[in-house]
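Chains X and E supply the protein sequences, listed in that same order. Using the numbering used here, you'd call the opening residue of the first sequence number 649 and step up by one each time. Using the numbering used here, you'd call the opening residue of the second sequence number 40 and step up by one each time. Note that the Cβ used here is the ideal one computed from N, Cα and C, for glycine as well.
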Amino acid sequence: MPDTQPSCPLTQQETIDLYFMEHRAKLLDIAAFLDRVDRSNPDNSKGADDFRMKAFRAAVAHLTDNAPDRARRIQEIFSDPTTDPIPAAPMKGALGAWDPATGQQGGKP
Amino acid sequence: MKYIDPHIHMVSRTTDDYQRMALAGCIAVTEPAFWAGFDRSSPQGFFDYFTLLTDSEPKRAAQFGIDHYCWICINPKESEDPGFAREVIALIPEFLKKPTVLGVGEIGLNKNSRNELTILEEQIALAAAHDQLILVHTPHLEDKLKGTKLIIDAIKRNGDIDPGRVLIDHVEEHTVKHVLDHGFWAGMTLYPDTKCTPQRAADIIETYGAERLWINSAGDWGVSDPLAVPKCRLEMKRRGHGEDIIKKISFDNPRTFLGQSQRFTVDA
Numbered sequence: 649m650p651d652t653q654p655s656c657p658l659t660q661q662e663t664i665d666l667y668f669m670e671h672r673a674k675l676l677d678i679a680a681f682l683d684r685v686d687r688s689n690p691d692n693s694k695g696a697d698d699f700r701m702k703a704f705r706a707a708v709a710h711l712t713d714n715a716p717d718r719a720r721r722i723q724e725i726f727s728d729p730t731t732d733p734i735p736a737a738p739m740k741g742a743l744g745a746w747d748p749a750t751g752q753q754g755g756k757p
Numbered sequence: 040m041k042y043i044d045p046h047i048h049m050v051s052r053t054t055d056d057y058q059r060m061a062l063a064g065c066i067a068v069t070e071p072a073f074w075a076g077f078d079r080s081s082p083q084g085f086f087d088y089f090t091l092l093t094d095s096e097p098k099r100a101a102q103f104g105i106d107h108y109c110w111i112c113i114n115p116k117e118s119e120d121p122g123f124a125r126e127v128i129a130l131i132p133e134f135l136k137k138p139t140v141l142g143v144g145e146i147g148l149n150k151n152s153r154n155e156l157t158i159l160e161e162q163i164a165l166a167a168a169h170d171q172l173i174l175v176h177t178p179h180l181e182d183k184l185k186g187t188k189l190i191i192d193a194i195k196r197n198g199d200i201d202p203g204r205v206l207i208d209h210v211e212e213h214t215v216k217h218v219l220d221h222g223f224w225a226g227m228t229l230y231p232d233t234k235c236t237p238q239r240a241a242d243i244i245e246t247y248g249a250e251r252l253w254i255n256s257a258g259d260w261g262v263s264d265p266l267a268v269p270k271c272r273l274e275m276k277r278r279g280h281g282e283d284i285i286k287k288i289s290f291d292n293p294r295t296f297l298g299q300s301q302r303f304t305v306d307a
């Protein structure tokens with residue numbers, strides 16, 4: 649932890665009062681997104697195995713583990729864990745999750 | 040309360056944005072050279088872009104009482120061809136002499152490729168040779184953590200760079216500690232989807248403190264918000280933070296870092 653730590657001035661009750669409705673809505677967005685994926689036409693075999701969705705489901709599990717630093721730990725789930733530069737940039741954009749099958753960021757630019 | 044947006048791409052924004060920013064308290068911006076949403080076909084395209092940054096844009100900003108400064112470099116998204124990149128790098132020293140240029144930036148990595156890293160190292164050396172401040176772009180999303188570590192290693196390898204004269208931008212929860220622990224300044228970019236929201240930026244300030252940390256909008260031609268800095272200030276105020284820390288993160292800190300260049304003359 650840092651030396652200087654100006655923690656949130658709000659009480660826990662005030663934090664819940666201020667943010668609950670907004671994050672209730674965001675939680676429902678996530679639930680509806682997962683339902684939408686399930687309901688979508690399985691036009692290929694990759695849907696459930698899509699590397700982004702695997703990371704997404706792993707990340708969701710961290711929300712309820714009651715351990716600290718959830719945001720940092722979820723960021724790390726989506727991150728490329730390798731350490732060496734890749735031979736060449738395959739595209740300019742990013743996909744939001746690292747693809748362990750390719751060892752680098754594959755897929756559409 | 041006045042503020043500085045130390046990272047915004049105003050060439051992509053309208054005069055209405057300048058007006059709204061001025062009304063919200065913005066008195067100065069700094070604009071790093073970056074990708075325009077397409078690859079320029081020649082080094083001459085960069086010459087024209089650098090001229091836009093150093094000549095035209097300060098005049099446009101001045102109409103709204105905003106001081107405009109900039110940074111010059113070839114960005115990592117157009118650094119995959121080293122030969123092309125070196126032709127652009129050859130143009131940079133001429134522009135470093137311009138009165139509103141604060142340093143070399145935003146250099147960095149995009150996909151963490153070998154060629155990107157080579158060109159990054161050459162521009163770090165250029166900044167050292169010309170005693171320039173450095174503004175660093177870190178990669179997006181899944182590439183950010185690895186790229187941030189590669190960038191820190193590259194700057195440390197150079198040996199001639201004072202970390203206190205380098206700002207590493209676009210930090211998030213998983214990279215901010217790496218940057219601060221190595222003595223660099225850190226920037227949080229406030230984007231609706233792909234970087235920090237104002238709420239998460241406030242969380243990071245509460246967790247890691249406000250030393251050597253700033254906030255910026257990085258508003259550009261994509262999904263972004265040129266009023267993100269005042270929105271983050273409002274978020275901090277909503278939580279009960281005092282004006283001292285809000286001013287520190289949105290005015291004092293950028294002024295302190297940027298003031299290491301004698302060209303940056305925004306008064307306290």
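The C-beta of residue 74/E comes closer than 9 Å to at least one C-beta of chain X. Residue 689/X counts as exposed, since fewer than 16 other beta carbons sit within 10 angstroms of its beta carbon.
In summary, residue 52/E is buried, with 16 or more beta-carbon neighbours lying within 10 Å of its beta-carbon over all protein chains present. Residue 739/X counts as exposed, since fewer than 16 other C-beta atoms from the protein chains shown sit within 10 angstroms of its C-beta.
Not a single CB atom of chain E sits nearer than 9 Å to the CB of residue 701/X. With contacts defined by Cβ atoms closer than 9 Å, residue 256/E and residue 267/E form a contacting pair. Around the Cβ of residue 101/E, a 10 Å sphere holds fewer than 16 other Cβ atoms; the residue is exposed. Residue 226/E places its beta carbon less than 9 Å from that of residue 210/E.
Less than 9 Å separates the beta-carbon of residue 171/E from that of residue 143/E. If you ignore the 5 residues before and after residue 700/X, its C-beta comes within less than 7 Å of the C-beta of 743, 744, 745, all in its own chain and listed in chain order. The beta carbon of residue 239/E sits closer than 9 Å to some beta carbon of chain X. Flagged as an interface residue toward chain E: residue 731/X, by a C-beta distance shorter than 9 Å. Contact check for residue 54/E against residue 110/E fails: the beta carbons are separated by 9 Å or more. In this structure, the straight-line span from the alpha carbon of residue 173/E to that of residue 71/E is close to 10 Å.
The distance from the Cβ of residue 657/X to that of residue 278/E is about 6 Å, consistent with a contact at the 8 Å cut-off. Going by beta carbons, residue 293/E and residue 45/E fall inside the 9 Å limit. For residue 738/X, the secondary structure class from DSSP, reduced to helix, strand or coil, is coil.
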